[in-house]
Amino acid sequence: MRSRSANRSGIVIRRRVTPAGDIIVSLLTPQGKVKAIARGGVRGALSSRLNLFHHVGVQLYQTPQADLATVQQAVLEGALPRLAEPERYAFAHLMAELADALFQEGEFSEQAFDLFAGALRGVSHQPDPEWVALVMSHKLLGLAGFVLQTGRCARCGAPDPAHPDPLGGQLLCGGCASLPAYPPASLDFLRNVVRRSVRVSMEHPVLEDERPALWRALERFVTVQVGNVQSWRQLVPHVAAAPA
Ligand SMILES: [Zn+2]
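Using my numbering, you'd call the opening residue of the sequence shown number -10 and step up by one each time.
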């Protein structure tokens, strides 16, 4: 295998600085997820460009010996400054963690990139970033093949379950459930969000006091189905404070 360089354009979904001052980033690009290292990057001009949520164009250099491609250049192609607002930042971080867990390196997915980029724009611009994050989390999960089973009780298989499933984040029938049924709007959301357009979902937000239950279910569903998202738990609102 020869050494080679490649140009990629993508969004920084993970950024870690090593003790040696290197920056290791994961980018979500239309060609899939890419992980790369900017050696000594923390002391140079790359540092401010390779920030979380920045859309960057990078020149990568891959040698057969190294695991990670090296970032040789990076240019800022787009940024969403409002994501720095604390509430928006938390939801953007949540989306980035989820995307990082859902999409693997080498998997080509222009659709995943477009959906994630749209999620970040929505969290940045919409007046209700929490609702954007709930809708887009389910859309990203659906794209990756993780869809809530809403037709049958997750425990006994009875049709039309309507109650929360505190263990798996799915739905339970009245006979299996220990919690009261979801209110109609929440149930409609859970049953339809994946196939409904984002636009329609955004026009019909679930009331704020129904959302904690939806977040708890989403956190359970992601933990059980996707796994490997330890930091996600702390990011999910209404879950971090609850006992494990
Ligand atoms: Zn049941």
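Backbone N, C-alpha and C define an ideal beta-carbon position, used for all residues, glycine too.
In this text the structure is predicted, and so the values were computed from the model without any measurement.
For the putative contact between Ile13 and Ile26, defined by C-beta atoms under 8 Å, what is the C-beta separation to the nearest angstrom? 5 Å between Cβ atoms; contact.
Chain-ordered residues, beta carbon under 6 Å from a heavy atom of ligand 1: Result: Cys142, Arg144, Cys145, Ala147, Leu161, Cys162, Gly164 and Cys165.
Whole-angstrom distance between His43 and Val218, CA atom to CA atom: Near 22 Å, if we compare the C-alpha coordinates of His43 and Val218.
Please report the Cβ distance between Ala170 and Ala151, rounded to the nearest whole angstrom; I am assuming they are in contact, meaning their Cβ atoms lie under 8 Å. With a beta-carbon spacing of about 4 Å, Ala170 and Ala151 fall inside the 8 Å limit used to define contacts.
Given a threshold of 16 other Cβ atoms within 10 Å of its Cβ, counted over all protein chains shown, does Gly30 qualify as buried or as exposed? By the 10 Å Cβ count, Gly30 comes out buried.
Hey, Lys22 and Phe80 are a contact pair by Cβ (cut 8 Å); roughly how many whole angstroms apart? Between Lys22 and Phe80 the beta-carbon gap is near 20 Å, outside 8 Å, which marks them as no contact.
Quick check for students: name the residue ranges of the beta strand (DSSP E) that lie wholly in the stretch 18 to 91, counting only runs of 3 or more. Uninterrupted beta strand (DSSP E) stretches at least 3 residues long and entirely within the stretch 18 to 91 occur at 21 to 27, 44 to 51 and 58 to 67, given in chain order.
Grab me the residues of Val124's own chain with a C-beta within less than 7 Å of its C-beta, minus the 5 sequence neighbours each way, in chain order. Val182, Val187, Ser190 and Met191, listed in sequence order.
Below 8 Å between beta carbons: does that hold for Leu132 and Phe210? Contact flag unset, no.
Run through the DSSP bridge pairs and tell me what Pro226 is partnered with. DSSP output for Pro226 lists no bridge partner at all.
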